[in-house]
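One structure below.
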Amino acid sequence: MFVTILILGLVLGGTYALLALGLTLQYGIARIMNLAYGELTLAAAFVLVALMQGFGISPLLTVALIGPVGYVVGSLLYTVMMKPLVARSSGGKLDVDSILATFGLLFLIQGVLLLVFGPNFTSISYLDKGVTIFGVTVALNRLIALGICVVVGGALVIALATTRWGLALRAVAQTPTSAPLVGLDVNKVARQGFALGTALAATAGATVAMYQTFSASGGVVFTMKALVIVIMGGVGNVGGALAAGLLLGLVETFVATAIDPGLTLAATFAIFLLVLLFRPQGLFGKA
Amino acid sequence: MVNLFKHAKACTTAFAVAAASFMTAGHATAADDTITIGYAVALTGPNATGAGISTVPNYRLWVDQVNGEGGIEMPDGSRKMIEVVEYDDRSSNEDLVRAIERLASQDKVDLILPPWGTGANLAIAPLMARFGYPQLAVTAVTDKAPEFAARWDRSFWMLGGGHDYATGLVDVLAQARDAGTINNKIAAVSVADGFGIDLIKGARPAFEEAGFELVYDESYPLGTSDFAAIMSEAQASGADSFVAFSYPPGSFGMTKTAQAMGFNPKVFYISVGGAFPIYPGIADGKADGVMAIGGVDGTSDSVKAYFDAHTAFVGNPPDSWASAVTFASLEMLEQAIGRVGLDHGDLAAELSNGTFDTVIGQVKLEDNQLRDLWTVGQWQNGAFVGVGPADKTGAAAPVIPKPEW
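Structure (structure tokens):
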């Protein structure tokens, strides 16, 4: 029972954490609260299905290649749509402006997805094989999601902590007004942060497509889940998002198995509420 | 502040212009040789998925077919082409009610087709009654249909209630249990939302009465995407029958999880979504034996013709639960108009008392409700066919135990 909860919970948590990594980068570094985040993940999910069904391209290949595509899309999005907001904003205005702008973007992307891919539920069957780990059977595609999450998240944590590039990103995240004083191009770094976040959103979306049913109108579910994890982990804190995602997966699985599956949502939001009340900077954020 | 105000003003102007253009569009269609039919359905928002499967394609297919034949035949033998006024309610009941109000009082359409969903149909029922329009509520599953039909005498309820589907399933399982094919243990899960709650409430006493033991009975929140924990508990429960009162994302998720973990109950039942044409693909081609809510007569030529026409027009086959009934409701409307014309009172009386030849066979409503319904269906040889009630014309014999995944 304990091993079952641990393994199922970690696998579920890995898929949650993968979803949240991009959002935490976008908000933490570029200071853009991207409400269209879920729609961007969905777009990637639809692309994966279209490539698989239309051209027979292996989903794993798409997952590997969609990150760079997402980076380019994110970079363009930042240059075209976000930069004017950044340019004219001062103080806390960017937060509000970016929320309004991406709220509009949400409906734009959703409308395009509905037009192109239709309103139907979409689901593919790929690597739905069971893999037995310590006597517990988990789906291979979810295990892959956990793997991607650990590798990408781990690499990000290390890169942010040890490289010069990571230092620049952290500097802009902490004090965007002082960063130019030490010769940092804030605009460039913010664009990189936003684009990297979009790349991660696309990777997460493509991974989700392998194991979950989705439809063009369901993006907000992803945004909500990611938002809860980002705030729990501390905004902009990649390691925090990883830990919070895994924790959430463990708690949900524990509650579903040992108490009642009906209480998983309640448990999630109970933890969320506790964090907001007692550690508003997030479990791993600095005050 | 000034900026904001300006912006708000620009918005209102734009809205007024848009509304005005809608109105003229509506008026322009009101000519004598046409029938205007209006509807407001969810083309965007969370309900767009359901409406896009069961409702909108059938409305469009029907209009296309009728107009292709020269229009609807009137009692005097003349034909009138159908003009459609279509609004998107954006999955919001407030927008929906406004749109119905506009269809009735500004567009003055001859007939209004119902929206998708139980809640949406209930939301417009008082308004439809006030304006006197007949309401052929198809995609509304409610145990209170008898009360509603009595309260709004021009409303018609055509998809039964949760209780019907729950008892229908129990009947099928009881027969298999009595034949010694399955044990008397049931593992049931239900989504904690209107439909799942209705069904499990109907099923619990029905299972008990039939002598079944519910060894696992849990609900899960709407939006749950991971079923590994639930399914492993169900597998460990020792039940031969797995029953899920679920919405499509759950139905699909549980199918995949069961396949991944090698969970092979003798009966695998899911609810909404099981009858969707995409289901065999989701089940990786191993859908045969899976039971779900709904069904169509697998032996009927008219059903086959309807499936072919739907596939040719929409690009994919219809779902095997609400779609055929939706189409049948439109055929009833067409035949009723042919008999009594467009007067709303006469139409409602004819729909209530008349007998109609439709794609789902001969239909005669009882107290404004369609009671002759498929409650349980099963994938057999790649088609989703009705297996319960067992005494219904065209019922196939259920295959139990289900072949392994």
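So the protein sequences, as listed, match chains A and B. Going by numbering that gives the first Met the number 0, the residue at position 64 of the first sequence is 63; the numbering climbs one at a time, nothing skipped. Going by numbering that gives the first Met the number 0, the residue at position 244 of the second sequence is 243; the numbering climbs one at a time, nothing skipped. The C-beta atom is built at its ideal place from N, Cα and C for all residues, glycine as well.
Task: Distance between beta carbons of N367/B and A148/B, contact taken as under 8 Å - done: The residue given as residue 148/B occupies position 149 in the second sequence. The residue given as residue 367/B occupies position 368 in the second sequence. A148/B to N367/B, Cβ: 4 Å. Contact.
Open item on the list: Does A27/B pass the burial test, meaning 16 or more other C-beta atoms within 10 Å, or should it be called exposed?
Closed with: Translated into the one-based positions of the second sequence, residue 27/B becomes position 28. Legend: pLDDT at A27/B = 41, less than 50; position of this residue unreliable, value from coordinates given subsequently. A27/B comes out exposed.
Task: T161/A burial status per 10 Å Cβ neighbour count (16 or more: buried) - done: Within the first sequence, the letter at position 162 stands for residue 161/A. The residue is exposed, with fewer than 16 neighbouring Cβ atoms inside 10 Å.
- [ ] List the residues of chain A that G258/B touches, going by C-beta distances under 7 Å, in chain order.
- [x] Here the question's residue 258/B lines up with position 259 in the second sequence. Here residue 258/B is Gln; the residue named in the question, Gly, does not match the sequence. Residues of chain A passing the Cβ test: D127.
Open item on the list: DSSP has I266/B in a bridge; who is on the other side?
Closed with: Numbered from its first residue, the second sequence carries residue 266/B at position 267. First, the amino acid is wrong: residue 266/B is Val here, not Ile. For V266/B, which the question treats as bridged, DSSP gives the partners S240/B.
Open item on the list: Alpha carbons only, please: which of V190/B, E365/B, L213/B and I181/B is nearest the one belonging to M157/B?
Closed with: Against the second sequence, residue 157/B aligns to sequence position 158. Ranked by how close their Cα comes to the Cα of M157/B, the residues V190/B, E365/B, L213/B and I181/B have E365/B in first place.
Open item on the list: Using 8 Å for Cβ pairs, my map puts Y36/A next to F268/A. What's the rounded Cβ distance?
Closed with: Counted from its first residue, the first sequence places residue 36/A at position 37. Counted from its first residue, the first sequence places residue 268/A at position 269. Between F268/A and Y36/A the Cβ distance is about 19 Å, and since that is not below 8 Å, they are no contact.
Open item on the list: For a cutoff of 8 Å on Cβ pairs, would you count V136/A as touching chain B?
Closed with: Residue mapping note: residue 136/A aligns to position 137 of the first sequence, counting from 1. Note that residue 136/A is Thr in the sequence shown here, rather than Val. For T136/A, the answer is yes, since a Cβ of chain B falls inside 8 Å of its Cβ.
Open item on the list: Counting only Cβ-Cβ distances shorter than 7 Å, please list the residues of the stretch 239-262 of chain A near chain B, keeping chain order.
Closed with: T252, A255, T256, D259, P260 and G261
- [ ] Name, in chain order, the residues that DSSP records as bridge partners for M290/B.
- [x] Working through the second sequence from its first residue, we reach residue 290/B at position 291. Answer is Y268/B and Q377/B.
Open item on the list: Starting from M80/B, trace the beta strand (DSSP E) in both directions and tell me its first and last residue.
Closed with: Along the second sequence, one-based indexing puts residue 80/B at 81. Taken as a continuous stretch (DSSP letters only), the beta strand (DSSP E) holding M80/B covers R78 to D87.
TODO: Could you give the DSSP three-state label for V65/B: helix, strand or coil?
DONE: Translated into positions along the second sequence, residue 65/B becomes position 66. Helix, per DSSP.
Task: Contacts of F251/B in chain A (Cβ-Cβ under 9 Å) - done: Position 252 of the second sequence holds residue 251/B. The answer, in chain order, is F120, S122, Q211 and T212.
Task: Beta-bridge partners of I185/B, as assigned by DSSP - done: Start at 1 with the first residue of the second sequence, and residue 185/B comes out as number 186. Note: I185/B sits in a beta bridge opposite L213/B and S240/B.
Task: Supposed close pair S124/A, G280/B - CB separation, criterion 8 Å - done: One-based indexing of the first sequence puts residue 124/A at position 125. One-based indexing of the second sequence puts residue 280/B at position 281. Taking C-beta atoms under 8 Å as the contact rule, S124/A and G280/B qualify, at a distance of about 7 Å.
Task: Limits of the beta strand (DSSP E) - the one that A136/B falls within - done: For the purposes of this step, residue 136/B is taken as the residue at position 137 of the second sequence. Taken as a continuous stretch (DSSP letters only), the beta strand (DSSP E) holding A136/B covers Q134 to A136.
Open item on the list: With a threshold of 8 Å between beta carbons, is T61/A in contact with chain B?
Closed with: As a position in the first sequence, residue 61/A is number 62, starting the count at 1. No, its Cβ sits nowhere closer than 8 Å to a Cβ of chain B.
Open item on the list: Taking the alpha carbon of T61/A as the reference point, which residue from P279/A, F277/A, G217/A and T202/A has its own alpha carbon closest?
Closed with: Along the first sequence, read from residue 1 onward, the residue named residue 61/A stands at position 62. Answer by Cα proximity: T202/A.
Task: Cα-Cα separation, F21/B to P113/B - done: Indexing the second sequence from 1 puts residue 21/B at position 22. Indexing the second sequence from 1 puts residue 113/B at position 114. Any reading at F21/B needs caution, since the residue's pLDDT is 43, under 50, leaving its predicted position unreliable; the model's value is listed next. Taking the straight line from one Cα to the other gives about 20 Å.
- [ ] Specify the secondary structure class of L443/B as computed by DSSP and reduced to three states.
- [x] There is simply no residue 443/B to check, as chain B begins at 0 and stops at 404 in what is shown.
Open item on the list: Just list the residues that DSSP pairs D356/B with in beta bridges.
Closed with: Residue 356/B sits at position 357 when you count from the first residue of the second sequence. In the DSSP assignment, the residues bridged to D356/B are Q361/B.
- [ ] Would you kindly check if the distance between the Cβ of D109/B and the Cβ of I52/B is under 8 Å?
- [x] Counting from 1 along the second sequence, the entry for residue 52/B is found at position 53. Counting from 1 along the second sequence, the entry for residue 109/B is found at position 110. No, the pair does not count as a contact, with Cβ atoms beyond the cut-off.
Open item on the list: In the DSSP output, which residue or residues are listed as bridge partners for E72/B?
Closed with: Taking the second sequence and counting its residues from 1, one reaches residue 72/B at position 73. Beta-bridge pairing links E72/B to R78/B.
Task: Straight-line gap, V130/A to M230/B (C-alpha atoms, nearest Å) - done: On the first sequence, residue 130/A is found 131 positions in, with the first residue counted as 1. On the second sequence, residue 230/B is found 231 positions in, with the first residue counted as 1. Here the C-alpha atom of V130/A lies approximately 15 Å from the C-alpha atom of M230/B.
- [ ] Just grab the DSSP bridge partners of W404/B for me.
- [x] In the second sequence, residue 404/B corresponds to position 405, counting from 1. Looking at the DSSP assignment, W404/B forms no beta bridge with any residue, so it has no partner.
Task: Chain-ordered residues of the stretch 203-227 of chain B with a beta carbon less than 8 Å from chain A - done: E217, S218, Y219, P220, G222, T223, S224, D225 and A227
Task: Under the three-state DSSP convention, the category L41/A falls into - done: Sequence index remark: in the first sequence, residue 41/A carries index 42 (1-based). In the structure shown, L41/A sits in a helix (DSSP, three-state: H, G or I).
Task: G246/B - DSSP class collapsed to helix/strand/coil - done: Locating residue 246/B in the second sequence gives position 247, counting from the first residue. Reading off the sequence shown, one finds Tyr at residue 246/B, where the question assumed Gly. Correct three-state label for Y246/B: coil.
Task: Nonlocal neighbours in the same chain, by C-beta distance under 6 Å from L102/B, ignoring five residues either side - done: Along the second sequence, read from residue 1 onward, the residue named residue 102/B stands at position 103. Cβ neighbours of L102/B beyond the five flanking positions: G37, V108 and I111.
Open item on the list: Using the three-state DSSP reduction, which class does Y77/A fall into: helix, strand or coil?
Closed with: For the purposes of this step, residue 77/A is taken as the residue at position 78 of the first sequence. Three-state result, Y77/A: helix.
Open item on the list: Whether or not the stretch 186-203 of chain A and the stretch 22-40 of chain A are in contact is what I'm after, with contact meaning three or more pairs of Cβ atoms, one per stretch, closer than 8 Å; do they touch?
Closed with: yes
- [ ] Quickly, what does DSSP pair V384/B with across the bridge? List them, please.
- [x] For the purposes of this step, residue 384/B is taken as residue 385 along the second sequence, with counting starting at 1. Beta-bridge pairing links V384/B to Q377/B.
Open item on the list: Counting only C-beta atoms, is A269/A closer than 8 Å to chain B at any point?
Closed with: One-based indexing of the first sequence puts residue 269/A at position 270. Chain B, which has no Cβ nearer than 8 Å to the Cβ of A269/A, makes this no.
Open item on the list: The beta strand (DSSP E) that contains I132/A, what's its start and end?
Closed with: To locate residue 132/A, count along the first sequence from 1; it is residue 133. Residues G129 to I132.
Open item on the list: Is there a Cβ of chain B sitting closer than 8 Å to that of S216/A, yes or no?
Closed with: One-based indexing of the first sequence puts residue 216/A at position 217. It does: the Cβ of S216/A has a partner Cβ on chain B nearer than 8 Å.
- [ ] Flag this pair as yes or no: are the beta carbons of V411/B and A205/B separated by less than 8 Å?
- [x] Past the edges of chain B, shown from 0 to 404, lies residue 411/B, and the structure says nothing about it.
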